[in-house]
Every structure is written in C-alpha cells, then in structure tokens.
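Participant: Would you mind keeping the following structure in view while I ask a few things?
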Amino acid sequence: MKLPTGASRIVFILAHPAGHVGAPRHYTPYFEKQGLDWHKVPMDVAPRHLAETIRALAKSPSTAGFNLTMPHKPAAFELCDEVGPAARFEGVVNTIRIEAGGKLVGESFDGGGFLNAAREAGIFDSERRAVVIGAGGAGRAICHALVAAGLKRLRILNEVPGPVEALAAKLHGQFPDLDISLEWRFDDAGLCVNATSLGL
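Note that this note's numbering has the sequence shown beginning at 1352, numbered continuously upward.
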C-alpha cells in the first residue's frame, strides 16, 4: 500500500474514541485502485473540540473531507453549510466534503449503504416487520432508508425512550401509513438490526 506524501489528500475519520476504526484498510487501497493519492486517517477528537478541528483541517489543501462516527454525527450536521436530503431528515451527517470557498457539504450514507447491503444479501422484505435497535445516528439513518424503500412495518427499540419517540413521530410525519411499534418484542421480526454502539 502506498504511503502518504506531502501531495496526498487526506480523508479524516473523526471519532471518540477512535481505536475501533478499521475503514482505512478498506478505503485506502480502493482509492489507490481508482488512481487517487488519497488516504483515510482516523483521528480521536473529543466532542468539545469537534468544531474547531473540522474548521482548522478544512482550511488545509491536504484535506479532502471528513467521515464522522460516534459520537459526532449530530454535532457535525450543525457545522455544515449545506446538507443532502437524507441528512436533513435524519439530523446527522457521516460524510462532509469541502467545496469551493471552504463550504462544508454534509450527507448521511449509513442508511443507503445498509439498504444496498440488505438487498444484495436478499434479506430486505418490505412486507415483513423490521426491528431496529438503537435510535442514534446510524439507527435513524437505517430506519429512514428502510421506510423510504417501502417497508410497511417497523419497530424501533432504544434504551432511552426520548430519542425513539422523536424518531417515530418524525417518520409518521413523512410516512403516515407506516405501522410503527415501540414494543420490546422480536417474535414477528423478519429483519433485526443492531444499530447500537455494540455493533461497531
């Protein structure tokens, strides 16, 4: 694998902690195959330093953009100058690109990525109930993607009730015919998704 030089572009993966981040071993070789001198670099950033870190790194021509993981997705959303449709609904971003003039444009690809993988694996069935455990950034993204793809019955479970109730209300607002349950049961599940931090 090619090592970075002063001419390389860096995509920073901002996390706290960052010890679990394994994306560079997949993406850096992919960039190389595409003819890009780009590298993914994990960085442990405490939440209180997120805004200053993004603003400072975004000024460097070496920075190609950012990926965000726990716990930074909601806070990073607030730092963006513009966001895509999935991010706007979910209130989180997992990717930020830097456009001309330093404009920060964010989007959330967690839900779409999950849905594509579920379809490829043949486990997405819009007629069967999906159970999503976790109503954080990834959970919100996955719920939204499943329902937007035609899922008719969804159950959302979360240790703390507030986030799951807010997500259910938001989903009902956009998809009024959706059958949403917050009941802790799994016997009717056609798909069960772990969107908690234990799934990292």
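Note that the Cβ used here is the ideal one computed from N, Cα and C, for glycine as well.
These numbers come from a predicted model, not from an experiment.
At what residue ranges does the stretch 1426-1497 contain a whole run of the beta strand (DSSP E), taking only runs of 3 or more?
Facilitator: Counting whole runs of 3 or more residues, the stretch 1426-1497 contains the beta strand (DSSP E) stretches 1446-1450, 1454-1458, 1480-1484.
Participant: For GLY1541, does the three-state DSSP call read helix, strand or coil?
Facilitator: Strand, per DSSP.
Participant: My parser needs the beta strand (DSSP E) runs of 3 or more residues fully inside the stretch 1503-1544; what are they?
Facilitator: Runs found: 1504-1508, 1530-1532.
Participant: For ARG1399, does the count of other Cβ atoms within 10 angstroms reach 16, so buried, or fall short, so exposed?
Facilitator: With fewer than 16 Cβ atoms within 10 Å of its Cβ, ARG1399 is classed as exposed.
Participant: For GLY1485 and LEU1497, what's the separation of their Cα atoms in angstroms?
Facilitator: Those two C-alpha atoms are separated by around 14 Å.
Participant: Specify, as a first and last residue, the run of the beta strand (DSSP E) that HIS1377 falls within.
Facilitator: Note, HIS1377: premise wrong, no beta strand (DSSP E); alpha helix (DSSP H) at 1375-1384.
Participant: Am I right that VAL1483 and LEU1505 are in contact with their C-beta atoms under 8 Å? What's the rounded C-beta distance?
Facilitator: Yes, VAL1483 and LEU1505 are in contact; Cβ-Cβ is about 7 Å, under 8 Å.
Participant: Mind checking whether ALA1468 and THR1420 have CB atoms under 8 Å apart?
Facilitator: Not closer than 8 Å, so no.
Participant: Below 6 Å CB to CB, which residues in the same chain sit around TYR1378 once its five sequence neighbours on both sides are set aside?
Facilitator: Within the same chain, TYR1378 has close Cβ partners LYS1391.
Participant: Around the C-beta of VAL1372, are 16 or more other C-beta atoms found within 10 angstroms, so that it is buried, or is it exposed?
Facilitator: The residue in question, VAL1372, is buried, as its Cβ has 16 or more Cβ neighbours within 10 Å.
Participant: Thinking C-beta only, is PHE1363 closer than 8 Å to THR1446?
Facilitator: No. Outside cutoff.
Participant: Which two residues bound the contiguous beta strand (DSSP E) that contains THR1414?
Facilitator: Start and end: 1414-1419.
Participant: Apply the 10 Å Cβ neighbour rule to GLY1453 and answer buried if 16 or more other Cβ atoms are within range, or exposed otherwise.
Facilitator: That one is exposed.
Participant: Please list the terminal residues of the continuous beta strand (DSSP E) segment that includes ALA1366.
Facilitator: Element bounds for ALA1366: 1360-1366.
Participant: Relative to the C-alpha of LYS1424, which candidate in ALA1409, GLU1441, SER1411 has its C-alpha closest?
Facilitator: Looking at the Cα atoms, GLU1441 is the closest of the given residues.
Participant: Can you say whether ASP1461 is buried or exposed, counting buried as having 16 or more other CB atoms within 10 angstroms of its CB?
Facilitator: Under this definition ASP1461 is a buried residue.
Participant: Name the one or two DSSP bridge partners that HIS1390 has.
Facilitator: The partner list for HIS1390 (beta bridge, DSSP) reads ILE1361.
Participant: Does PRO1393 pass the burial test, meaning 16 or more other C-beta atoms within 10 Å, or should it be called exposed?
Facilitator: Result: buried.
Participant: Have a look at LEU1401, PHE1417, LEU1542 and flag the residue whose alpha-carbon is nearest the alpha-carbon of ALA1472.
Facilitator: The option with the nearest alpha carbon to ALA1472 is LEU1542.
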